[in-house]
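Under full-length UniProt numbering, read the sequence shown as residues 1 to 333, first letter to last. For reference, the structure discussed in these notes is given below.
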Amino acid sequence: LALLNSNNKDWWKVEVNDRQGFVPAAYVKKIEAGLSASQQHLADQNSISARQAQIEQQYENLLALGRERKTKLEESCRAYQLVREAAELHQWIKEKEQHAEVHEIGDDLEQVEVHQKKFDDFKNDLEANKVRLAEMNEVACKLVNVGQTEAAVKITQQIDDLNKKWSSLQEKTQKKADQLMSAHEVQRFHRDIDETKDWIQEKDEALNNNDYGHDLRSVQTLQRKHEGLERDLAALGDKIRQLDETAKRLMQTHPENADQTHSKQTEINEEWTRLTEKANARKEKLLDSYDLQRFLADYRDLMSWINSMMSLVSSDELANDVTGAEALLERHQ
1 LALLNSNNKD
11 WWKVEVNDRQ
21 GFVPAAYVKK
31 IEAGLSASQQ
41 HLADQNSISA
51 RQAQIEQQYE
61 NLLALGRERK
71 TKLEESCRAY
81 QLVREAAELH
91 QWIKEKEQHA
101 EVHEIGDDLE
111 QVEVHQKKFD
121 DFKNDLEANK
131 VRLAEMNEVA
141 CKLVNVGQTE
151 AAVKITQQID
161 DLNKKWSSLQ
171 EKTQKKADQL
181 MSAHEVQRFH
191 RDIDETKDWI
201 QEKDEALNNN
211 DYGHDLRSVQ
221 TLQRKHEGLE
231 RDLAALGDKI
241 RQLDETAKRL
251 MQTHPENADQ
261 THSKQTEINE
271 EWTRLTEKAN
281 ARKEKLLDSY
291 DLQRFLADYR
301 DLMSWINSMM
311 SLVSSDELAN
321 DVTGAEALLE
331 RHQ
């Protein structure tokens, strides 16, 4: 470009290729006339390279600022998402605290087991949200460390409050679990007592039998049947001893139910004592019946033999010769 007029500070008049016109003064630069063409060309190249480098550097800075802005926005979004999740979990804990504070346990084993099933489902939900709480604590720690100052205070306060609520819920849950376990042990003992009473009643009815046999064979059959009943009573005796041990333990671990437990233990032991005495009495009567039938059988056998002997010694049969006499003598001897 050839400068024709630079009096106007904003627009300079120039000429190039025999054509004249005006260009913004900010986009051109005066070159001393003393520079050679090669020097002028080199200066132009340096100016372009510097501007290009400057533009590229500014572009990289812009990209870096964009990435930083994006990261902060994502972190901010995650922070407020965490705040929302913490509020939701806080509400869930509040609802579950009411469930854990319910003191209804049940009046029998079936009701206790129903409550236990519901409580097991509740504990499964608790474990699932335990993992969720751990993840929220981890995310909160990261967000605070990266400098999310806007939400850091709110996040820290909310997570701390959430952890306290969670600890309180766990304590109430453990207390409810202990109550259910205690109730289950007591009610299971009561049901075992009732079942054992039914077994005792069943065996007692089996002993209500006045048949002691009418001969040796029938007595032996009744004795074998009684031996089978005694084997059942032996197993029942093991159950009674187990119930005694359970009753002693429950009276120590659950003193509030000690009187009721002792009463049931005493009642079942009294019924068991009556049953064993009744069984022993029948056994003795069967033994007496066996002795009687054994005696009668032996008596009948002996009388039969005596009668046969009497018929022999009272016979008038005599021999007609020596051989017949010897035969009669041998039979008599």
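Every residue gets a Cβ at the ideal spot worked out from N, C-alpha and C, and that includes glycine.
Alpha carbon of Lys30 to alpha carbon of Ala53, nearest angstrom: 22 Å
Whole-number beta carbon distance between Thr246 and Phe295, since they are thought to touch under 8 Å: No, Phe295 and Thr246 are not in contact; Cβ-Cβ is about 48 Å, not under 8 Å.
Going along the chain, which residues of its own chain have a beta-carbon closer than 7 Å to the beta-carbon of Glu185, five neighbours each way excluded? Leu250
Buried/exposed call for Ile306, threshold 16 Cβ in 10 Å: exposed
Look at the alpha carbon of Asp192 and the alpha carbon of Glu88, and state the distance between them as a whole number of angstroms. 45 Å
Does the region 164–178 come into contact with the region 218–236, if we say contact requires no fewer than three beta-carbon pairs (one atom in each stretch) closer than 8 Å? no
Would you tell me roughly how many angstroms separate the C-alpha atoms of Ile55 and Ser49, rounded to the nearest one? 10 Å
One or two residues paired with Leu216 in a DSSP bridge: None, per the DSSP bridge assignment.
Starting from the C-beta of Leu216, find all residues in its chain whose C-beta is less than 7 Å away, skip the five residues before and the five after it, and write them out in chain order. Gln293, Arg294 and Ala297
Less than 8 Å between the CB atoms is what I'm expecting for Trp12 and Val28, so what's the real figure, rounded? 6 Å
Look at the alpha carbon of Trp166 and the alpha carbon of Ala206, and state the distance between them as a whole number of angstroms. 59 Å
So, with DSSP's three-state summary, where would you put Asn257? helix
Any heavy atom of the ligand SAH inside 6 Å of the beta-carbon of Ala234? As presented, the structure is devoid of all ligands, the ligand SAH included, so that no description of it is given.
Whether Thr266 touches Lys239 by CB criterion (7 Å): no
Measure the alpha-carbon distance for Ala279 versus Arg241 and round it to whole angstroms. 18 Å
Classify Asn5 as helix, strand or coil using the three-state DSSP reduction. strand
Collapsed DSSP secondary structure at residue 337 in the structure displayed: This structure cannot speak to residue 337, because the chain is shown only from 1 to 333.
Count the other CB atoms, across all protein chains shown, that sit within 10 Å of the CB of Leu63; report buried if there are 16 or more and exposed otherwise. exposed
Where does Val186 fall in DSSP's three states? helix
Contacting residues, own chain, Cβ-Cβ under 7 Å from Lys285 (five flanking each side not counted): Tyr212
Report the residue from Gln187, Asn210, Leu73 and Lys96 whose alpha carbon sits nearest the alpha carbon of Lys264. Gln187
When you compare each of Ser289, Arg282 and Asn257 to Ser218 by their alpha carbons, which one comes out closest? Ser289
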